[in-house]
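Asker:
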Amino acid sequence: MPLLAGKSSSTIAPDSLPHRHFPTISGSICRRDKHLARTYFRTLNANRVRHSQCRIEQENEEMGGRWTQGFKSRIGQAIRRRLYRVRDRIMGPDPAVAAAVQSEVHTLEERLAERLTYLQNEISEARQYLRFLLGESERYHQWMSQTRASFNTQWDILPEGAHLVTDEAFVTNASQLIETYTQLPAAWFKGKSILDAGCGNGRWAYAFSRLGANVMAVDQSEHGLQNVRRLCEEFPGFRHQAVNLLEPLPFDDQFDLVWSYGVLHHTGDTKRAFDNIVPAVKSDGSMFLMLYGEPFRPGEYGEINTYVQHRRATVAMTFSEKVDYLKGIYPAELVHGYFDAISPAINDLYRYDEILDWLNLCGFSRVTRTLDNRNLHIMAHRKQV
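Sequential numbering from 325 applies to the sequence shown in our numbering.
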């Protein structure tokens with residue numbers, strides 16, 4: 325039995341032990357026994373220290389092993405991923421896995437496309453109902469007034485910009501653009517009667533006049549009519565008149581082509597404006613419309629979102645402040661176009677099939693969408709009576 329059974333396992337200094345712990349002979353400590361005791365305690369202390377160190381090392385090894393195992397596992401996973409990527413670059417992915425993944429992705433894409441189409445249809449229907457409900461409201465009339473004022477300001481303080489008559493590239497390419505939009509050769513327009521319904525600053529009236537057409541330019545903006553009169557006064561076949569497209573026009577069966585580029589969707593009642601310009605088309609005449617289209621492809625949603633952000637940022641600004649705001653973001657030649665897109669309160673969007681239905685009901689045939697982008701560029705020919 326150990327000499328200090330039941331005592332603490334902490335280290336014991338043998339020199340500090342009281343004499344009563346050692347065997348005695350006649351009350352005196354035997355020198356030999358004292359030496360043995362000191363040796364015993366040194367050995368005991370050494371064993372205890374060694375045991376403690378072993379236990380600590382064992383615990384550290386267990387803990388470190390778990391950490392090292394996790395570390396090695398993470399390293400192994402990273403290496404395997406890298407090797408898989410190298411393999412895929414060299415040999416291509418596992419055909420079976422790739423086919424399964426592709427099939428799943430295709431299924432998800434189809435489901436998302438179905439849901440997106442459904443949501444787009446619902447939004448389009450909601451827009452139609454909203455236009456109908458707001459058509460006679462006081463608030464909508466305020467938006468219409470703001471839109472007219474915005475275009476008056478636009479033609480007054482922003483006479484220059486890309487795609488205007490001050491843009492040499494536009495003037496040079498205008499005849500080619502007209503050919504693309506109408507699918508008619510430039511020679512067709514010589515001597516033809518054309519109604520520019522919503523002429524704005526007169527860029528298209530000017531382009532048609534240069535092709536030899538007899539142009540009637542109409543608009544509600546006095547500033548716009550001043551610009552178009554100044555541009556086209558040299559052409560003998562040019563005329564102009566102030567009209568409101570939401571009221572019946574004084575033209576019946578007079579024009580070979582009724583042209584309305586980017587106008588009807590700003591009127592506040594696109595269908596009524598459309599119905600008012602239809603009678604001006606000859607029985608064998610044609611109509612070209614450019615209307616803002618609803619987005620349906622990925623990049624087009626971002627374009628609309630950009631416009632909405634600008635509208636929200638400028639909602640409390642005056643027209644001049646909006647111009648300054650846009651000048652701080654875009655080059656000078658683009659300010660006119662962005663002002664046109666964000667300043668008017670009314671910017672209605674349409675689906676092609678909705679406009680196609682209008683045209684068919686009014687007796688137009690051979691309806692063609694002549695440009696493949698978000699906006700609707702539509703050429704339609706009227707059935708001969």
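Heads up, the beta-carbon is just placed ideally off N, CA and C, and yes, glycines get one too.
Given a threshold of 16 other Cβ atoms within 10 Å of its Cβ, counted over all protein chains shown, does L432 qualify as buried or as exposed?
Answerer: Residue 432 sits at position 108 when you count from the first residue of the sequence shown. With fewer than 16 other Cβ atoms within 10 Å, it is exposed.
Asker: Quick one: Cα of F663 to Cα of V691, how far?
Answerer: Taking the first residue of the sequence shown as 1, we reach residue 663 at position 339. Taking the first residue of the sequence shown as 1, we reach residue 691 at position 367. So the alpha carbons of these two residues sit roughly 31 angstroms apart.
Asker: Indicate the three-state DSSP secondary structure (helix, strand or coil) for N538 in the structure shown.
Answerer: As a working mapping, residue 538 is identified with position 214 in the sequence shown. Strand at N538.
Asker: From S610 to Q426, what distance separates their C-alpha atoms?
Answerer: By 1-based counting over the sequence shown, the position of residue 610 is 286. By 1-based counting over the sequence shown, the position of residue 426 is 102. S610 and Q426: Cα-Cα distance of roughly 47 angstroms.
Asker: Tell me whether the region 473-483 and the region 538-555 touch, counting them as touching only if at least three CB pairs, one residue from each stretch, are closer than 8 angstroms.
Answerer: In short, these stretches touch, since the Cβ pair count reaches three.
Asker: From which residue to which residue does the alpha helix (DSSP H) around H298 run?
Answerer: Past the boundaries of the shown model lies residue 298; the chain is included only from 325 to 709, so the question cannot be answered.
Asker: Let me see if you follow: with CB-CB separation under 8 angstroms, is S448 close to chain D or not?
Answerer: Although the question refers to chain D, the structure presented lacks it and comprises just one protein chain.
Asker: One question on the structure: do H660 and Y616 come within less than 8 angstroms of each other, judged by their Cβ atoms?
Answerer: Start at 1 with the first residue of the sequence shown, and residue 660 comes out as number 336. Start at 1 with the first residue of the sequence shown, and residue 616 comes out as number 292. Their beta carbons are not under 8 angstroms apart, which means H660 does not touch Y616 by this criterion.
Asker: Curious, which full-length alpha helix (DSSP H) runs of at least 4 residues does the region 609-663 contain?
Answerer: 622-637 and 643-651
Asker: For I447 and R404, I'd like the C-alpha separation in whole angstroms.
Answerer: Walking along the sequence shown from the start, residue 447 turns up at place 123. Walking along the sequence shown from the start, residue 404 turns up at place 80. So the alpha carbons of these two residues sit roughly 48 angstroms apart.
Asker: Among E434, F513, W528 and A486, which has the Cα closest to the Cα of L613?
Answerer: Residue 613 sits at position 289 when you count from the first residue of the sequence shown. Ranking E434, F513, W528 and A486 by Cα distance to L613 puts W528 first.
Asker: Do three or more CB pairs link the region 675-684 to the region 693-705 at distances below 8 angstroms?
Answerer: yes
Asker: Of the residues T594, A665 and L570, which one's Cα is nearest the Cα of E627?
Answerer: Locating residue 627 in the sequence shown gives position 303, where the first residue counts as 1. When only C-alpha atoms are compared, the closest one is A665.
Asker: Secondary structure at T348, three-state DSSP: helix, strand or coil?
Answerer: Your numbering for residue 348 matches position 24 in the sequence shown. In this prediction, T348 has a pLDDT of 43, which is less than 50 and means its spatial position is unreliable; nothing more can be read from the coordinates.
Asker: Thinking just about the alpha-carbon of each residue, which of P560, S533, T694 and Y464 is nearest to the one in K514?
Answerer: Working through the sequence shown from its first residue, we reach residue 514 at position 190. Ranking the options by Cα distance to K514, first place goes to S533.
Asker: When the Cα atoms are used, what is the spatial distance from M540 to F562?
Answerer: On the sequence shown, position 216 is the one that residue 540 refers to. On the sequence shown, position 238 is the one that residue 562 refers to. Cα to Cα, the separation comes out at about 6 angstroms.
Asker: Apart from the five residues on each side of it in sequence, which residues of its chain come closer than 6 angstroms, Cβ to Cβ, to D672?
Answerer: Counting from 1 along the sequence shown, the entry for residue 672 is found at position 348. Residues H589 and T594 of the same chain have their beta carbon placed closer than 6 angstroms to that of D672, with the five preceding and five following residues left out of the count.
Asker: Over the uninterrupted alpha helix (DSSP H) stretch that includes S667, give me the two end residues.
Answerer: Position 343 of the sequence shown, counting from 1, holds the residue named residue 667. Neither: S667 is in no alpha helix (DSSP H) and is coded neither H nor E.
Asker: Measuring CA to CA, which of I670, P560 and N551 is closest to P483?
Answerer: To locate residue 483, count along the sequence shown from 1; it is residue 159. Of I670, P560 and N551, the residue nearest in Cα terms is N551.
Asker: Could you tell me the alpha carbon to alpha carbon distance between L457 and L581, rounded to whole angstroms?
Answerer: Counting from one through the sequence shown, the residue named residue 457 turns up at place 133. Counting from one through the sequence shown, the residue named residue 581 turns up at place 257. Cα to Cα, the separation comes out at about 33 angstroms.
Asker: Taking Cβ to Cβ, would you say L488 is nearer than 8 angstroms to N525?
Answerer: Residue 488 sits at position 164 when you count from the first residue of the sequence shown. Residue 525 sits at position 201 when you count from the first residue of the sequence shown. Cβ atoms of L488 and N525: closer than 8 angstroms.
Asker: Pull the bridge partners of D520 from the DSSP assignment, please.
Answerer: Sequence index remark: in the sequence shown, residue 520 carries index 196 (1-based). Paired residues: A541 and W583.
Asker: Would you identify the three-state DSSP class for Q565, choosing helix, strand or coil?
Answerer: Position 241 of the sequence shown, counting from 1, holds the residue named residue 565. Reduced to three states, the DSSP call for Q565 is strand.
Asker: In three-state DSSP terms, what is I425?
Answerer: Taking the sequence shown and counting its residues from 1, the one referred to as residue 425 is at position 101. In the sequence as presented, Ile is not what sits at residue 425; that position holds Val. Three-state result, V425: helix.
Asker: Which residue wins for smallest C-alpha separation from T506, given the options T496, I518 and V495?
Answerer: As a first step, residue 506 must be located in the sequence shown, where it is residue number 182. The option with the nearest alpha carbon to T506 is I518.
Asker: Counting only the same chain and skipping the five closest in sequence on each side, list residues whose C-beta sits under 8 angstroms from that of T504.
Answerer: Within the sequence shown, numbered from 1, the residue matching residue 504 stands at position 180. Excluding sequence neighbours, T504 sits near T694 and L695.
Asker: Tell me whether R439 is buried or exposed, calling it buried when 16 or more other Cβ atoms sit within 10 Å of its Cβ.
Answerer: Start at 1 with the first residue of the sequence shown, and residue 439 comes out as number 115. So R439 counts as exposed.
Asker: Start and end of the beta strand (DSSP E) containing V691?
Answerer: In the sequence shown, residue 691 corresponds to position 367, counting from 1. Segment F688 to R693, the beta strand (DSSP E) holding V691.
Asker: Among E678, Q470, W512 and R398, which one has its Cα closest to the Cα of T642?
Answerer: Translated into the one-based positions of the sequence shown, residue 642 becomes position 318. Considering only alpha carbons, the answer is Q470.
Asker: Can you give me the start and stop residues for the beta strand (DSSP E) that W698 sits inside?
Answerer: Residue 698 sits at position 374 when you count from the first residue of the sequence shown. Residue identity check: residue 698 is Arg in the sequence provided, not Trp. No beta strand (DSSP E) holds R698; DSSP gives it neither H nor E.
Asker: Pull up the distance between the alpha-carbon of R636 and that of T441, whole angstroms please.
Answerer: As a working mapping, residue 636 is identified with position 312 in the sequence shown. As a working mapping, residue 441 is identified with position 117 in the sequence shown. Here the alpha carbon of R636 sits roughly 27 angstroms from the alpha carbon of T441.
Asker: Can you list, in chain order, the residues of its chain whose CB lies under 8 angstroms from that of G485, leaving out five sequence neighbours each side?
Answerer: Stepping through the sequence shown from its first residue, residue 485 is reached at position 161. Excluding sequence neighbours, G485 sits near D491, A656, E657, L658, V659, H660 and G661.
Asker: Out of Q578, A510, E618 and N629, which has the shortest C-alpha to C-alpha gap to A604?
Answerer: In the sequence shown, counting from the first residue as 1, residue 604 sits at position 280. Per the Cα distances, Q578.
Asker: Can you give me the start and stop residues for the alpha helix (DSSP H) that E571 sits inside?
Answerer: Taking the first residue of the sequence shown as 1, we reach residue 571 at position 247. Here E571 belongs to no alpha helix (DSSP H), and DSSP marks it neither H nor E.
Asker: Is DSSP giving H430 helix, strand or coil here?
Answerer: Counting from one through the sequence shown, the residue named residue 430 turns up at place 106. When DSSP states are grouped into helix, strand and coil, H430 belongs to the helix group.
Asker: For a test of the three-state rule: what should DSSP assign to R288, helix, strand or coil?
Answerer: Residue numbering for the chain in the displayed model covers 325 to 709; residue 288 lies beyond these limits and cannot be assessed.
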